[in-house]
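Everything below concerns the one structure shown next.
2 protein chains.
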Amino acid sequence: MSDAHQKSVPTPGGASGGPAGWHKDHITGSRPDLRVPVRRVHLTNGRDVTLYDTSGPYTDPSADTDVRRGLAPLRENWITERGDTETYPGRELRPEDDGLKHTAPRGGLRNLDAVFPGRPRQPRRSRDGSPVTQLAYARRGEITPEMEFVALRENVSPEVVREEIAAGRAVLPANVNHPETEPMIIGKRFLVKVNANIGNSAVTSSIEEEVEKMTWATRWGADTVMDLSTGRNIHTTREWVLRNSPVPIGTVPLYQALEKVDGKAEELTWEIYKDTVVEQAEQGVDYMTVHAGVLLPYVPLTARRKTGIVSRGGSIMAAWCLAHHKESFLYENFEELCDILASYDVTFSLGDGLRPGSIADANDEAQFAELRTLGELNTVAKSRGVQTMIEGPGHVPMHKIKENVDLQQEICEEAPFYTLGPLTTDIAPAYDHITSGIGAAMIAWWGTAMLCYVTPKEHLGLPDRDDVKTGVITYKIAAHAADLAKGHPGAQEWDDALSDARFEFRWEDQFNLALDPDTARSFHDETLPAEPAKTAHFCSMCGPKFCSMKISRDINERFGSDEDGTLGEEEVREGMLRKSREFAEAGNRVYLPIAD
Amino acid sequence: MSDAHQKSVPTPGGASGGPAGWHKDHITGSRPDLRVPVRRVHLTNGRDVTLYDTSGPYTDPSADTDVRRGLAPLRENWITERGDTETYPGRELRPEDDGLKHTAPRGGLRNLDAVFPGRPRQPRRSRDGSPVTQLAYARRGEITPEMEFVALRENVSPEVVREEIAAGRAVLPANVNHPETEPMIIGKRFLVKVNANIGNSAVTSSIEEEVEKMTWATRWGADTVMDLSTGRNIHTTREWVLRNSPVPIGTVPLYQALEKVDGKAEELTWEIYKDTVVEQAEQGVDYMTVHAGVLLPYVPLTARRKTGIVSRGGSIMAAWCLAHHKESFLYENFEELCDILASYDVTFSLGDGLRPGSIADANDEAQFAELRTLGELNTVAKSRGVQTMIEGPGHVPMHKIKENVDLQQEICEEAPFYTLGPLTTDIAPAYDHITSGIGAAMIAWWGTAMLCYVTPKEHLGLPDRDDVKTGVITYKIAAHAADLAKGHPGAQEWDDALSDARFEFRWEDQFNLALDPDTARSFHDETLPAEPAKTAHFCSMCGPKFCSMKISRDINERFGSDEDGTLGEEEVREGMLRKSREFAEAGNRVYLPIAD
């Protein structure tokens, strides 16, 4: 496993193994243990560009990481210093936690090594049952180290962070039992975030693969990871993922609860569900998708749909409601659920179990009925001190996206929206990272705070390593395009740095500033493999003679860049006339002589 | 070459070689030689879905194609019947047409075979110099066979086609010397179209590759192809491409003209340019990008830009203007140019030579100054009977896209907008098909009529076969997402058919309806390779127990789909109660027993 993991650790400087084009650095806050990771890209012109970094200690050569020991618990002191939590023996682990209720561990717990070996510890929870949430602290006017951390990360003031959390417009998912996490914030006033899903299903995959997918996803920029495992070893897989994850981990506890009743939805009970939530909260899950808005009366609204209920959680709850002809046990016990989450600082991600699964079903009554219930639940959760975000669609054609996000913001009092895509057409299986990347960019521009990625395998199979990377990169593009469109301070500096490098033929800087330096470099090398081509003042698209960039730089040099903008239009014209004469005198040569 | 070409011919039925899931068909119009190609997808439920088809006779098993002979000239009778054109000896071909002015044919015309061998013929042009354009016919109230052809293709009335062309809101590019083309229309009232660029550069590529790229691009859905060759053999490559192309071919004559003066922009003259336009018009080029809006006074406006002038044509014209300190010879001779184009029915694509090449430069004064000039030229071209579209950016952040298209539509009297992307961020070289696919979908929704694709190699290298396919598929997604958002009649039927297949686990139908059946099928097979899995009522994402589609179908069956919508809400509730009792009586089984 260690070996498998090592492969996923990215190498600063890229695949070429040459001198590092970037390195991991930290910005230290008001206390020495508050060190915010950043990626410093070193340009060949001597400047540095500082980028947001999600890759965790794995990219820090000075960090000593070992997947069997887990990451250092960087928030541990912050949590204990607050004095409002205590450790306790915790719930007893049972075979069925790993899906082993009735069956022999055929392919399950393959060997004892699969049980996470590192640092056994007791779970922690609120000392007196009152909320130990970032929301509760923010409302009391406290700026926690976590808030200061994200303020430095986002380049805003800590007070802005506190205000946004206190108002419920942002969440900072940080379970007291996941001290390894590097704090991050989800809210529309901040950088748009990206979630990557991992998770073995009953059919394929393994623990090792899931842990590696997590580190791989964060290496390319995933801000959170959801572990959607449904097969055996759920508990064990989650433990490995949590102990090694520098980003918040989300889950859907209903999936595990259903495993515990052998997949029979009608046998689910509030007690089994609650026990699963406690189990996962003790492990350190930072946010949980809860489909408490799928109500009995809404189920018939889906019967006339083209694709019915496509959310697994939604369909499980619908089946339960039908089987018992009772209102959802999640809805009926929501307040108790809130109090459990509040005592660990688990954030709600109120699931949209009735999200549309096709263009035809977008923005229909079933979807909006559920959204109104989510709005109601959002108010309840906030009143009990629980951080809350709201999940969104799904499949939505472009002209219905804005209505969707506007309605969510209105009904849910601007609680962070967390959307899957949306996919803007159904006709391109194998390319749904693109059909959904289009919708994701738009909905993020209009107010979505976090985007759940979609990989090329959506609807078809389980994503492998390449699919995870493609999904994350596509969604980082969508998120950044939205940051630009929202005018997020500093967002455009990244584009400007890359465009400057392009205009000045600084190829290595272009690669190092790219979202995916390795692929950019390899595409360039395919056409012009020679090392000198990386400093050539032309590129393969136009060849040496036609390069428009070169002509354009010439114009730039002739007229001067007038960077201070002090020249009037007339002066520019005059300068132009003068320069044109110089141009002729110099022999009318726009192109440098080419040896060919 | 024949062999190489054969490889690119798609096989009906997909890669599996099994029974055909679709076949090429034709809809016959008012005359027997008016046969509109369509793709009929045969669903396993006995229904057919009819899709727009751009792949030409290559997918028609009854057609006898041979790249050395070229395609059958299907429009020839329509053109000659009009009686307004005549053949003539044509301009004499010269070595410099293939870039061989001063140099030995090192790597050029490698052997005599490279010269297109099929069907030598004299070029054709207007008999008396008056416009022989679809615009002229439309204005006279004539519905040509070409117009009827596109009406059948777009499922609208021929009169709508005529009206849109007459008003200048649509173009039907169809040079009288390219009778092989299957007519298509570009305008915002019609399906959004996609252009794919091909073209060898001085550095790499060959004639064979370019012809194969063309058939490959049209196989995946390219509606037009631009041949942007800049190296040697320009004339010869173009001849091969034209004679084998079922879609309109566009070019940038300036590239070839510059070859004729050895790449020295200042040596360009109106005479050399005009001669090149005639050369290409005689070959059959259907539309030409002309950068006549790059005026001398606008050049200084680019000096303060981050990335100056990134259009090759724009930078060549800027260099010429500077060298001579004269107004652009394209602008000065625009009326004569119009009359040449009108006598072959070559459509103008008025190039945006000053389009932004970075987020920082979007929607700046240089860009909009040129746009105003393009508006002026559009009016001139129309007055002389020339069909005209307007090219657009480039790099534009999402929040500036609508301003861009709105301004173009206003200034250019709703002439079709033909945009490159736009790219919505600069930070993702190697993924610019995605950064631009986002912008393309949005700008098409808001009124762009044709999208010029961007491949993953943009900014980095020359696209290969896979890149061309990825670019085309990405842009078909953007175009179709826009068709949906615009509410184009019939667009959603495709999505609905695929979503129905998905909901009913008709895997083969899903694949055959997909934009890329081969990749969808192979992704599915990676996780669940067995043939029975293609009819399985579950998929690899959830495994057999958790499938939400299955639960949802169960709900659907329990409540009835009420397809006629006659049930009131109360009746549905009652039905639900009744069904819930049945559900319990049937043993509360939502899942079918699974052997596992």
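Chains as they are written, first to last, in full-length UniProt numbering: chain Y, 1 to 596; chain F, 1 to 596.
By construction, the Cβ of each residue, glycine as well, lies at the ideal position given by its N, Cα and C atoms.
Contact set for Leu268 of chain F: own chain, Cβ-Cβ below 7 Å, skip 5 residues either direction: Ala257, Leu258, Val261 and Trp320
CB contact flag (Ala292 of chain Y, Ser245 of chain Y, <9 Å): no
Cα-Cα separation between Tyr418 of chain Y and Glu403 of chain F, rounded to whole angstroms: Spanning the two alpha carbons is a distance of roughly 28 Å.
Three or more C-beta pairs below 8 Å linking the region 163-183 of chain Y and the region 380-400 of chain Y: yes
Per DSSP, cross-strand counterpart(s) of Lys260 of chain Y: Looking at the DSSP output, Lys260 of chain Y bridges to nothing.
Local conformation of Thr373 of chain Y per DSSP, three classes: helix
Short CB-CB distance (under 9 Å) between His459 of chain Y and chain F: At least one C-beta of chain F is nearer than 9 Å to the C-beta of His459 of chain Y.
For Lys193 of chain F, the residue or residues it bridges with in DSSP: F:Met450
Leu513 of chain F: contacting residues in chain Y (beta-carbon distance under 8 Å): Ile427
Three-state secondary structure (DSSP) of Tyr137 of chain Y: Helix at Tyr137 of chain Y.
Beta-carbon proximity check, Cys51 of chain F vs Val41 of chain F, cutoff 9 Å: Reading off the sequence, residue 51 of chain F comes out as Leu, not Cys. Going by C-beta atoms, Leu51 of chain F is nearer than 9 Å to Val41 of chain F.
Within 9 Å, strictly: CB atoms of Ala138 of chain Y and Glu163 of chain Y: yes
The alpha helix (DSSP H) enclosing Pro158 of chain F, as first and last residue numbers: Per DSSP, Pro158 of chain F belongs to the alpha helix (DSSP H) from Pro158 to Ala166.
Endpoints, the beta strand (DSSP E) within which Tyr431 of chain F is located: From DSSP, Tyr431 of chain F is part of no beta strand (DSSP E); its letter is neither H nor E.
Lys306 of chain Y: contacting residues in chain B (beta-carbon distance under 7 Å): Here chain B cannot be found, since the structure's protein chains are Y and F.
Opening and closing residue of the alpha helix (DSSP H) in which residue 605 of chain Y lies: Outside the displayed range of chain Y (1 to 596) lies residue 605 of chain Y, so it cannot be described from this structure.
Three-state class that DSSP yields for residue 598 of chain F in the structure shown: Since the first residue of chain F shown is 1 and the last is 596, residue 598 of chain F is not available in this structure.
Inter-stretch contact at 8 Å, needing at least 3 Cβ pairs: the region 292-311 of chain Y / the region 368-381 of chain Y: yes
Cβ-Cβ separation, Arg238 of chain Y to Pro283 of chain Y (assumed contact under 8 Å), whole Å: For the sequence presented, residue 283 of chain Y should be read as Gln rather than Pro. Correct: roughly 6 Å between the Cβ atoms.
Cβ-based burial, Pro32 of chain F [other Cβ within 10 Å; buried from 16]: exposed
Closer than 7 Å at the beta carbon, the chain F residues around Ile434 of chain Y: Under the 7 Å cutoff, chain F gives Ile434, Gly437, Thr474 and Ile477.
Gly56 of chain Y versus Y:His26, Y:Thr470, Y:Arg69 and Y:Lys382, residue with shortest Cα-Cα distance: Y:His26
Closest Cα partner of Leu71 of chain F within the set F:Leu515, F:Thr379 and F:His178: F:His178
Candidates F:Leu374, F:Gly447, F:Phe116 and F:Pro393: closest to residue 611 of chain F by CA position: Limits of chain F in this structure are 1 at one end and 596 at the other, which puts residue 611 of chain F out of reach.
Where the alpha helix (DSSP H) through Trp216 of chain F begins and ends: Ile207 to Trp220
Inter-residue spacing [alpha-carbon to alpha-carbon] between Ile309 of chain F and Ile207 of chain F: 29 Å
Own chain residues within Cβ distance below 8 Å of residue 646 of chain Y, not counting five before or after: Only positions 1 to 596 of chain Y appear in this structure, which leaves residue 646 of chain Y out of reach.
At least 3 beta-carbon pairs within less than 8 Å: the region 88-99 of chain F vs the region 342-359 of chain F: no
Where Thr230 of chain Y sits in the DSSP three-state scheme: coil
Own chain partners of Cys452 of chain F with C-beta closer than 6 Å, once the 5 adjacent residues on each side are dropped: Asn195 and Leu420
Continuous beta strand (DSSP E) stretch holding Glu391 of chain F: start and end: Thr388 to Gly392
Alpha carbon of Pro593 of chain Y to alpha carbon of Tyr255 of chain F, nearest angstrom: Residue confidence is low: Pro593 of chain Y scores 28 on pLDDT, short of 50, so the model does not pin down where it sits. Its coordinate-derived value is still stated next. Those two C-alpha atoms are separated by around 19 Å.
Short CB-CB distance (under 9 Å) between Met450 of chain Y and chain F: Closer than 9 Å: no.
Val49 of chain F versus Ala136 of chain F - alpha carbon distance: 36 Å
Per-residue burial, Gly471 of chain Y [other beta carbons within 10 Å of its own, 16 or more giving buried]: buried
Pair within 9 Å by beta-carbon distance, Leu498 of chain Y and Gly221 of chain Y: no
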